[in-house]
Structures are given as C-alpha cells and as structure tokens.
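Chemist: This structure is in structure tokens; I'll ask about it shortly.
Residue numbers (this note's numbering): 2 to 524.
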C-alpha cells in the first residue's frame, strides 16, 4: 500500500532558493572550478603575452631571431653564389676538357704517318725555300765590295773563334764532369766488387752448409734404404720359411694320407687273407670232422659187435668230449675273429667318418668358393653394368656438350662474321672520313704554301691518294708498307734502283722459253 505525502507538510522552494542551496552544498567544487578557470585564464594571458613579445623587435630574443633570420638569408645567398660559381667552374672545366681532348686528337692526328709525311714535305719546302734564300744571299755577298767582304769575313771569323772557344770550354767542362762520373763509377765498382766478394764468401759458406746438410740427408736416406732393404730381406726370408713349412706340412699330410691309404689297403688285403684262411680252416675242420666221423663210424661199425655197452658209452663220452673241445675251440676262434672283425669294422667306420667329414669340408669349401665366386661375379657384373651405364651417360652428356659447343661455336662464328662485317663497314667509314679530313687539311697546307711561294711539288707527292708509304698500287685506300724483319721494324726505302730491276727480271719469268734457256733446260 502506497502512502501519499501530506501536501500540507510539503515545502515548495523557488528556483533561486534551490540554486542557493545547491551552491552552498557544492561549495568545494565551485572553488576548485574557479581555481581551474583562473589557471586557464593566466595561461591564456601568458601565451598572449609571449605572442606579443615574439613580435617585438626591441627585445633580446627578437634581436637574436632577426640575426638568425638574417644569417640564414646570407647563407642562402652565399649558397646560391657558390652554386653559380660551381656551375661556371663545371662549364669552364668541361670547356678545358673539351679543348684538351681536341688538342690531344689534333696531336694524335699530327702523329699519323700521312700527316707526318705531309709535314715532312712541308718542312722540305721550307728547307728548299731557305736554301734558295741562302743561295741568293751568297750571291749578294759575292757581289758586295771586297772591304765589306773582308769585314764580314773578319766578323764571321771572330764569331767562329768565339764559338770555337765556347765549344772548347764546354768540352772541357764535359770532360771534367765525365772524369768525376768515371771516378764515382770506379768507386761504385770497387764497392760492388767488395760486396760481390762478401756475397761470394757468404754463398760459399751457405754452399758448404747446404752440401753438409745434403750429405747428412743422403746418409739418412741410405740408412733408411738399408733398413728397408733389411726389412724386405727378413720379410722375404720369413715368407720363404713360411712357404717351406707349408710345403713340408703339405708333404707330411700327403705322406700321412699315403701311409693311411697303404695301411688301409694292407688291412683290406690282410682281412681278405684272414677271411680266406678262415674259410679254408672251416673247410679243413669240416673235412677233419667228417673224416673223424667216418673213422668213428667205421670203428663203431667194426667194433659194434665186439664192444659192449660200456664201450659204447665210453666212445660216446669220448666223442662228446671231442665235440666239446672242438666247439670250445671253434667258439674261441669265432670270438677272436669277431673281435678282429669288430676292430676292422670300427677302423673302417672311423676312416669312413673321417673321409665323410673331409668330403663334407671339401664340399662346404667348394660351396663357399662357388658362392664367393658367384657373389664376386654378381658384384663384377653390377659394376660392369654401372660402368656401362655411366659410360653411356657420359657419352650422352659428351654428345650434348659437343652439340652445345658446336651450336655455340656456330653462333659465335656467325656473331664474329657479323662483327667483322660491321667492323669493316665502320673501318671503311673511318678511312673515308680520315681521307676526307686529310684531303681538306692537305689542300689547305698546299694552298698556304703556294701563297707563301713555296715549292709545292713535295706536298703534292705527299698528299697522293692512299695510306702507307709503299710504292705499290692502292688497295682499299691503302698502299703497301714493307718493314724490315728485325726488332726495329723500320720501313724499307721506297726508291727503285737498277739492281732491284735486275733482280726482279731474274726472278720474274715473263717469257717461259727464255727462263728455260737461262736455267739450262735446252730441250
């Protein structure tokens, strides 16, 4: 059951009162909030003041900042200047490299054979011009008066004497220098000779020590060889003794087997003789018994009527005793024979057993040898199969390798032919360019020499078509060059004399009949 409140006892507060009560209850939180707001406000003011101060120019920090900015600007300007200077330096260095390359190319071009020959011809033209000038000067000197000639000759003589004196002084200085150098060389030779003698002495000592060590080594080797020889001799002697003992054992075994075989044969022959004697003895005993029976029967028949019953008993007793003795003798003989036969049988069985065991051992050894031989044959067969397989594989690999090598060789050959063709084309282009360049250069030189009133005939001769210095026909823009067959490799002369023409006539047969007559074949 819910109890409703009494409205008369309920107090209704206004909003302001309620807020005042809440503020009074939350007094601590309000203070903290106010403190936090004050802190935030102070921080905002501090940041604002720092921002304002940062923009000021009359402070130490502002001045430092301005200096830093100005320094950075100056560094950037200097860096731009350095970059510009580096670019200009790079262009300058590139221009210098280009000029050096062009200069080197020009110098290399001037070092070629044709250009050097052209320059030589140009020098010849200058020499010819100078010679003409000297001839003209000489003629002018002759046409001058005698006094002028005498003064000139005196002046030339004075100059000549002065030059001779200077030459003598130079020669004297050179001679003194050469003498000093000779003395130094003699001193060095003496020092070298002393060093050489010391080195020879040391080498001699080293040689003696090496010889001693060599002899010691040879002696040690001889001792080792003698020891090895002695060991080999002892081993050979031991092996020979072993072989001798083995042969003796085999011979003893063979003799023993032969003795046993002879004993066995003797025993068999003795046994056969005993069996025969036994049979003969039995037959003889049987005959004697039969004869005794017959005699007894005859006696009994004869004396039957004469003797009495006692006599018959006595005879019967005698016969019984005789039979008993005979039976006992026969039993003893049979026992002896049975013992003898039993010993023979035991010996035969023992020999049979030994032979059987020996045969079994031989069969087992034969089986073992056969098995070992089969296994060895199987292993050898497997090895042969593996070897054949490996040989087949090697042949296949070799064929593949040869095919690959042939293909590579064919490809390489084709590539080489293409490279040679390209090289020939480029070489032809280079030769054509060089020919054009040389033609232009030679024309300029000839033109300049002609304008300077020089003799241009050597230049025209040097500027002829074809490379090389020979006199043959031009082939592929090149003339043949003939070099001396020695270490110098100098070029042979270009002139043609009568002797060379005669040798050419002797070695070249234009008329075969004339050549035959010259060689002595007249038929």
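Using N, Cα and C, we set each Cβ at its ideal position, and we do this for glycine too.
1) Whose C-alpha, out of 454, 443 and 453, is nearest the C-alpha of residue 121?
2) Taking the straight line between their C-alpha atoms, what separation do you get for residue 236 and residue 358?
3) Just mark residue 115 as buried or exposed, buried being the case when its beta carbon has 16 or more other beta carbons within 10 Å.
4) Going by DSSP in three states, residue 252 sits in which element: helix, strand or coil?
5) Secondary structure at residue 113, three-state DSSP: helix, strand or coil?
6) Please identify the residue among 12, 126, 69 and 99 whose C-alpha is closest to the C-alpha of residue 462.
7) Could you spell out where the alpha helix (DSSP H) holding residue 21 opens and where it closes?
8) Please confirm whether residue 115 has its beta-carbon closer than 8 Å to some beta-carbon of chain D.
9) Report the residue from 346, 341, 302 and 293 whose alpha carbon sits nearest the alpha carbon of residue 323.
10) Look at the alpha carbon of residue 76 and the alpha carbon of residue 88, and state the distance between them as a whole number of angstroms.
11) Could you tell me whether the stretch 419-426 touches the stretch 89-100, using the rule of 3 or more Cβ pairs below 8 Å?
12) Rounded to whole angstroms, what's the CA-CA distance from residue 248 to residue 240? Just pull it up for me.
13) How many angstroms separate the CA atom of residue 375 from the CA atom of residue 391?
14) Output yes or no for whether 8 Å exceeds the beta carbon distance between residue 279 and residue 352.
15) Can you have a look at residue 78 and say buried or exposed, based on whether 16 or more other CB atoms are within 10 angstroms of its CB?
16) Distance check for residue 100 and residue 74, CA to CA, integer angstroms please.
17) Look up residue 454 in the DSSP assignment and say whether it is helix, strand or coil.
18) How do the stretch 124-143 and the stretch 437-457 stand: do at least 3 beta-carbon pairs fall below 8 Å, yes or no?
19) Return yes when the Cβ of residue 119 is within less than 8 Å of the Cβ of residue 464, no when it is not.
20) From this set, 349, 217 and 290, which residue's C-alpha is nearest residue 261's C-alpha?
21) Is the CB-CB distance between residue 341 and residue 275 below 8 Å?
22) Put residue 464 into one of helix, strand or coil per three-state DSSP.
23) In whole angstroms, what separates the C-alpha of residue 284 from that of residue 302?
24) Under a three-way DSSP split, which group does residue 345 fall into?
25) When you compare only the Cα positions, how much space is there between residue 204 and residue 193?
26) Got a sec? Which residues, its chain only, sit under 8 Å from residue 331 by beta carbon, not counting five neighbours each side?
27) How about residue 455 and residue 104: do their beta carbons lie closer than 8 Å?
28) What distance in whole Å lies between the Cβ atoms of residue 272 and residue 345, which are believed to be in contact at a cut-off of 8 Å?
29) With a 10 Å radius around its C-beta and 16 neighbouring C-beta atoms as the bar for buried, classify residue 446 as buried or exposed.
30) If you run the structure through DSSP and keep just helix, strand and coil, what is residue 12?
Modeler: The short version:
1) Comparing alpha carbon positions, the residue from 454, 443 and 453 closest to residue 121 is 443.
2) C-alpha separation (whole angstroms): 36 Å.
3) Buried.
4) Looking at residue 252 - three-state DSSP - the assignment turns out to be helix.
5) The answer is coil: DSSP assigns residue 113 none of H, G, I, E or B.
6) The residue with the shortest Cα to Cα distance from residue 462 is 126.
7) 16-26 is the span of the alpha helix (DSSP H), which, as asked, contains residue 21.
8) Although the question refers to chain D, the structure presented lacks it and comprises just one protein chain.
9) The shortest Cα separation from residue 323 among 346, 341, 302 and 293 belongs to 293.
10) The alpha-carbon atoms of residue 76 and residue 88 are separated by roughly 18 Å.
11) Below 8 Å, too few C-beta pairs join the stretch 419-426 and the stretch 89-100 to call them touching: fewer than three.
12) So the alpha carbons of these two residues sit roughly 12 Å apart.
13) Spanning the two alpha carbons is a distance of roughly 24 Å.
14) No, they are not a contact pair.
15) Residue environment for residue 78: exposed (fewer than 16 other C-beta atoms within 10 angstroms of its C-beta).
16) Each residue's alpha carbon lies about 39 Å from the other.
17) Three-state DSSP puts residue 454 in coil, outside helix and strand.
18) Under the three-pair Cβ rule at 8 Å, the stretch 124-143 counts as touching the stretch 437-457.
19) In terms of Cβ geometry, residue 464 and residue 119 form a close pair [threshold 8 Å].
20) Ranking 349, 217 and 290 by Cα distance to residue 261 puts 349 first.
21) The answer is yes: Cβ separation under 8 Å.
22) Correct three-state label for residue 464: coil.
23) Counting only the Cα atoms, residue 302 lies some 26 Å from residue 284.
24) Helix, per DSSP.
25) Those two C-alpha atoms are separated by around 16 Å.
26) For residue 331, same chain residues with a beta-carbon under 8 Å away, outside a window of 5 residues either side, are 286 in chain order.
27) Contact flag unset, no.
28) Contact holds; Cβ gap of about 6 Å.
29) Residue burial is scored here from C-beta neighbours: residue 446 has at least 16 other C-beta atoms within 10 angstroms and is therefore classed as buried.
30) Reduced to three states, the DSSP call for residue 12 is coil.
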